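In full-length UniProt numbering, the protein residues as written are 1 to 330.
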C-alpha cells in the first residue's frame, strides 16, 4: 500500500499527470470516475500566483469528488515559491507537488521546471524550504537529469527524501530528450531499489498500455504509474489498466454511446467552468482520441475542432452518434 504522507493511495496507484491545458477540473473529474487514484492540477506558475494572474489562480479550483488531489506549482525563486505555498494552501489540496521536470523552453529559460536540474543544490533547498513551510505533504515530479551525461537521479531522489519530500514521480527521459525516443525506466528502478529510499517512487513516461503498466509494477518494482498522454481524450485508460491488473485480460473498449456521452459531458463541464470560448477551444485536443478508430471521421472531427460555437460541436456529437450507431471499436 503506497502512502503519500498519511494519505493511502492504494496498491500500485494510477496517477493522472499534471498537463498544461489538459488536467483541468472537467478532465480530472472524468479520469477520477474511470479509476484514477490521484489527480494533479495543471502546473501553476508561482510568479503568476503571487501576481494574482487570472489564469494561474483559476487553476487552483479543486472539488471534493477529486480527492486525493494535488496542486502542482513551478518556479525557481524561493520567496515566490514560499508565497505561493500560502496561496495554494487556501484551496485545500491534499498534496502540493513541485514541478522540476517541465522541459518547455519558456519554463526552463527561467530556471524552473527541468531547468533546475542544472542546479541540484537549489532543487533540494527549494524543496526543504517548502516542506518546512506547510503541513501538507510535498511531492516532486522530475526527470532523469538535464542530459545523458548529468543523470544523478538516485542521489537526487535520496537528497529530496532527506529534506522531507513525501513521494517522487520520475519521467524516464532527460530534459535534452524532451519527449523523443523511449523512456528509460531502469534509472527509476535504481531509485526504488536504493535501500535508503522509503518514500513512494512513481514512474512516468510511455505508460501507454495495460501491459506496460504491469511491466512497470512487476519488472521494475515501482510503487505506481503516473499517466499522461495515454489518457488525453481517453479517460477509460485508467479502468482498462485496473481491469488488466485484476484479470490479465483486456477490457472491451468504450462503446460509441459512452464516448459521445463523455465528450458531451466534458464540453459542458468545460463551458461551465471556464466559459464558452475557452471551454470550446481547450476541449478540442481530446476529440481525436475520443473517437479514434471510426472510419471516415475527418468530416466530423473538423466540425468539432473548427467551430467556436458549442451548439455546433454538440450537433456534431449528435451526428456521430446517429451516423455510427452500433459501431464496434476494436
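Positions of the beta carbon are idealized from the N, C-alpha and C atoms, including for glycine.
Everything numeric in this text was worked out from a predicted model, so none of it was measured.
Inter-residue Cα distance where the pair is residue i and residue j
{"i": "residue 41", "j": "residue 322", "result": "35 Å"}
{"i": "residue 98", "j": "residue 62", "result": "17 Å"}
{"i": "residue 188", "j": "residue 170", "result": "7 Å"}
{"i": "residue 143", "j": "residue 267", "result": "32 Å"}
{"i": "residue 234", "j": "residue 118", "result": "35 Å"}
{"i": "residue 295", "j": "residue 253", "result": "16 Å"}
{"i": "residue 242", "j": "residue 39", "result": "16 Å"}
{"i": "residue 271", "j": "residue 280", "result": "7 Å"}
{"i": "residue 219", "j": "residue 82", "result": "39 Å"}
{"i": "residue 138", "j": "residue 128", "result": "9 Å"}
{"i": "residue 123", "j": "residue 298", "result": "46 Å"}
{"i": "residue 217", "j": "residue 178", "result": "24 Å"}
{"i": "residue 161", "j": "residue 307", "result": "48 Å"}
{"i": "residue 238", "j": "residue 261", "result": "18 Å"}
{"i": "residue 109", "j": "residue 20", "result": "17 Å"}
{"i": "residue 332", "j": "residue 229", "result": "Since the first residue shown for the chain is 1 and the last is 330, residue 332 is missing from the structure and cannot be characterised."}
{"i": "residue 317", "j": "residue 52", "result": "37 Å"}
{"i": "residue 325", "j": "residue 315", "result": "15 Å"}
{"i": "residue 159", "j": "residue 255", "result": "47 Å"}
{"i": "residue 259", "j": "residue 240", "result": "15 Å"}
{"i": "residue 257", "j": "residue 246", "result": "25 Å"}
{"i": "residue 278", "j": "residue 115", "result": "29 Å"}
{"i": "residue 43", "j": "residue 126", "result": "17 Å"}
{"i": "residue 28", "j": "residue 5", "result": "22 Å"}
{"i": "residue 303", "j": "residue 276", "result": "16 Å"}
{"i": "residue 64", "j": "residue 35", "result": "16 Å"}
{"i": "residue 165", "j": "residue 54", "result": "29 Å"}
{"i": "residue 284", "j": "residue 105", "result": "24 Å"}
{"i": "residue 49", "j": "residue 113", "result": "16 Å"}
Beta-carbon proximity of residue i to residue j, cut-off 8 Å
{"i": "residue 135", "j": "residue 72", "result": "no"}
{"i": "residue 101", "j": "residue 76", "result": "no"}
{"i": "residue 74", "j": "residue 56", "result": "no"}
{"i": "residue 300", "j": "residue 282", "result": "no"}
{"i": "residue 145", "j": "residue 172", "result": "no"}
{"i": "residue 207", "j": "residue 244", "result": "no"}
{"i": "residue 409", "j": "residue 227", "result": "Since the displayed the chain opens at 1 and closes at 330, residue 409 lies outside it and no answer follows."}
{"i": "residue 131", "j": "residue 163", "result": "yes"}
{"i": "residue 154", "j": "residue 194", "result": "yes"}
{"i": "residue 103", "j": "residue 175", "result": "yes"}
{"i": "residue 66", "j": "residue 32", "result": "yes"}
{"i": "residue 60", "j": "residue 231", "result": "no"}
{"i": "residue 269", "j": "residue 26", "result": "yes"}
{"i": "residue 107", "j": "residue 96", "result": "no"}
Beta-ladder partner(s) of residue i, from DSSP
{"i": "residue 143", "result": "171"}
{"i": "residue 202", "result": "169 and 224"}
{"i": "residue 98", "result": "73 and 140"}
{"i": "residue 39", "result": "16 and 69"}
{"i": "residue 8", "result": "3"}
{"i": "residue 294", "result": "Residue 294 pairs with nothing; no bridge assigned."}
{"i": "residue 56", "result": "Residue 56 pairs with nothing; no bridge assigned."}
{"i": "residue 45", "result": "74"}
Nearest candidate by alpha-carbon position, reference residue i, set the options
{"i": "residue 23", "options": "1, 13 and 69", "result": "69"}
{"i": "residue 47", "options": "36, 85, 116 and 285", "result": "85"}
{"i": "residue 211", "options": "195, 260, 251 and 315", "result": "251"}
{"i": "residue 167", "options": "122, 192 and 272", "result": "192"}
{"i": "residue 287", "options": "276, 274, 305 and 279", "result": "305"}
{"i": "residue 58", "options": "262, 236, 317 and 274", "result": "274"}
{"i": "residue 334", "options": "198, 137 and 155", "result": "Only positions 1 to 330 of the chain appear in the structure, and residue 334 is not among them; the question remains open."}
{"i": "residue 79", "options": "27, 53 and 133", "result": "133"}
{"i": "residue 205", "options": "240, 180 and 128", "result": "180"}
{"i": "residue 265", "options": "52, 230 and 310", "result": "310"}
{"i": "residue 263", "options": "157, 230, 313 and 107", "result": "313"}
{"i": "residue 186", "options": "209, 176 and 151", "result": "151"}
{"i": "residue 183", "options": "96, 67, 148 and 25", "result": "148"}
{"i": "residue 249", "options": "277, 259 and 209", "result": "209"}
{"i": "residue 292", "options": "327, 278, 114 and 121", "result": "327"}
{"i": "residue 403", "options": "113, 277, 329 and 165", "result": "Shown here, the chain extends from 1 to 330; a query on residue 403 therefore has no answer."}
The region 214-232 / the region 5-18 touching (three or more Cβ pairs under 8 Å): yes
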